[in-house]
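> Below you'll find the structure I mean.
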Amino acid sequence: MNLDTLVLDRIACSNFTWAGESDTNAHHAMQVHRECSVGTCAAKTAAFARLKAAGRLTPDSGRARYA
């Protein structure tokens with residue numbers, strides 16, 4: 003497995019483990035998956051939940067709530 007494959011696997015939509023490991027990873031996942039939807043993309047959903055639990059994200063009151 004080469005470096006490109008390792009990096010792409012880490013930031014894949016299906017990799018919710020990495021996105022939820024730390025606030026830093028969650029922040030990065032939210033940036034990488036900015037076009038994805040919370041509730042559809044596992045990585046963004048895990049990152050959203052992590053940042054919300056840490057008090058580092060305030061959901062928009064006009065949007066549907068997930069996680």
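Residue numbers (our numbering): 3 to 69.
The beta carbon of each residue, even a glycine, is placed where N, CA and C say it ideally should be.
(1) Quick one: residues in its chain with C-beta nearer than 7 Å to the C-beta of Gln33, no 5 flanking neighbours on either side, listed in chain order?
(2) Start and end of the alpha helix (DSSP H) containing Arg52?
(3) How would you call Thr47, buried or exposed, if buried means at least 16 neighbouring beta carbons within 10 angstroms?
(4) Roughly how far, in whole angstroms, is the beta-carbon of Ala44 from the beta-carbon of Ser16, given that I think they are within contact range, below 8 Å?
Straight from the coordinates:
(1) If you number the sequence shown from 1, residue 33 lands on position 31. If the five residues before and after Gln33 are omitted, its C-beta is found closer than 7 Å to no C-beta atom of its own chain.
(2) Here residue 52 refers to the residue found at position 50 of the sequence shown. Under the DSSP assignment, Arg52 falls in the alpha helix (DSSP H) whose first and last residues are Ala44 to Ala55.
(3) In the sequence shown, residue 47 corresponds to position 45, counting from 1. Classification for Thr47: buried.
(4) Walking along the sequence shown from the start, residue 44 turns up at place 42. Walking along the sequence shown from the start, residue 16 turns up at place 14. Ala44 to Ser16, Cβ: 6 Å. Contact.
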